[in-house]
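Structure, as structure tokens:
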Amino acid sequence: MKIHKLAVDKKSGAVVSIQEVPNGLSCHCICPDCKKTFVAVQGQKNDWHFRHYEETNCKGGQETALHQLAKEIILTNSRLDIPTYGTIIYESPHAEMPFQKIIPDVTAKIIDENLFFEIHVTHAVDERKKKFYTDGEHKSIEIDLRNYAFTTKENLAFHVLSNIGNKHIIFWKKKVVATAGPDYSWILWIAIVIFTYFGMKGLFKRTSAFSYQRT
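The numbering of the sequence shown is my numbering, which starts it at 67 and goes up by one.
Following this line, the structure appears as structure tokens:
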């Protein structure tokens, strides 16, 4: 059975971990998926975890909670490490804010440009969205958490903000393709021919003069 280590605080709506709430019903938590009451189980034998207060077929919504928590981490920070470009500084992050015909997971600003974050827990960025980002030349990053097993918020923050191995740049900047300029190689070849011609001509004259002097 999958251990549930994340829940939603009933009052604030924020994602909380099993380590930061009181035991039992005092945790005041609900399931991230079905929204029914969760109980914090913090015993001495087994790993601490949440479970539904009432019997249910719900799977506990841990992927949903992980996705939401990853967004909250981006929203409450301003620095993030990405491949090739290193540490970037962003500002004004907003979750689920519509932009034209898409809804990115998080939208932020970087030097007066839009910056879009997509978080892959169960669903990768689809081709339609990728095409929108690349065709529109919108800075965009996908953070891959599909194989991540939650332990602590601090560990998740590291994987969201500092681990570059789980990040994919969808689009960052347009590649500059060098265009070929005029071909002036023919001038070089003419110069070589002229130099060779006059060089050989000079050598022939010197050889002829030397032969004449000997005779």
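Think of the CB as a built atom: it goes at the ideal place given N, C-alpha and C, for glycine as much as any other residue.
Just so we're clear, the structure is a prediction, and the values are computed from it rather than from any experiment.
Taking a contact to mean a Cβ-Cβ separation below 8 Å, would you say residue i touches residue j in this structure?
i      : j      : result
Asp210 : His186 : yes
Leu227 : Asp147 : yes
Ile140 : Pro159 : yes
Gln108 : Asn89  : yes
Lys102 : His115 : no
Lys205 : Ile176 : yes
Gln110 : Thr218 : no
Phe183 : Leu72  : no
Using the rule of at least 16 other Cβ atoms within 10 Å of the residue's Cβ for burial, across every protein chain shown, is residue i buried or exposed?
i      : result
Thr173 : buried
Lys239 : exposed
Gly126 : buried
Ala80  : exposed
Thr245 : Low confidence applies to Thr245: its pLDDT is 45, below 50, so where it sits in the model is not reliable enough to give any reading.
Lys92  : The residue you asked about is not Lys; residue 92 is Ser in the sequence shown. Burial call: exposed.
Need the endpoints of the alpha helix (DSSP H) that residue i sits in, please.
i      : result
Phe224 : 219–227
Asp201 : 193–201
Lys205 : Where Lys205 is concerned, there is no enclosing alpha helix (DSSP H), although the beta strand (DSSP E) it sits in stretches over 205–210.
Could you tell me the alpha carbon to alpha carbon distance between residue i and residue j, rounded to whole angstroms?
i      : j      : result
Ser144 : Glu157 : 6 Å
Gln128 : Cys97  : 9 Å
Phe237 : Leu181 : 10 Å
Thr192 : Tyr199 : Here the sequence assigns Asp to residue 192, which means Thr is not the residue at that position. Taking the straight line joining both Cα atoms gives about 11 Å.
Glu179 : Arg194 : 21 Å
Asn221 : Cys95  : 22 Å
Val105 : Ser78  : 17 Å
Glu162 : Ile207 : 15 Å
Ile69  : Gly231 : 26 Å
Lys233 : Ile260 : 59 Å
Phe224 : Thr150 : 18 Å
Lys76  : Ile154 : 34 Å
Ile168 : Lys137 : 17 Å
Asp113 : Glu121 : 20 Å
Gly152 : Cys100 : 39 Å
Ile235 : Val87  : 36 Å
Start and end of the beta strand (DSSP E) containing residue i?
i      : result
Ala106 : 103–107
Ile185 : 179–186
Ile140 : Premise fails: Ile140 lies in the alpha helix (DSSP H), 128–141, not in any beta strand (DSSP E).
Cys93  : 90–96
Lys233 : 233–237
His70  : Careful: His70 lies outside any beta strand (DSSP E) and carries neither H nor E.
Lys175 : 172–176
Glu157 : 157–161
Phe116 : 115–118
Asp147 : 145–148
Ser83  : 81–83
Next on the checklist: Using 8 Å as the cut-off, can you tell me whether the segment 211–218 makes contact with the segment 129–140, which would need three or more C-beta pairs spanning the two stretches below that distance?
Outcome noted: Result yes; three or more Cβ-Cβ pairs closer than 8 Å.
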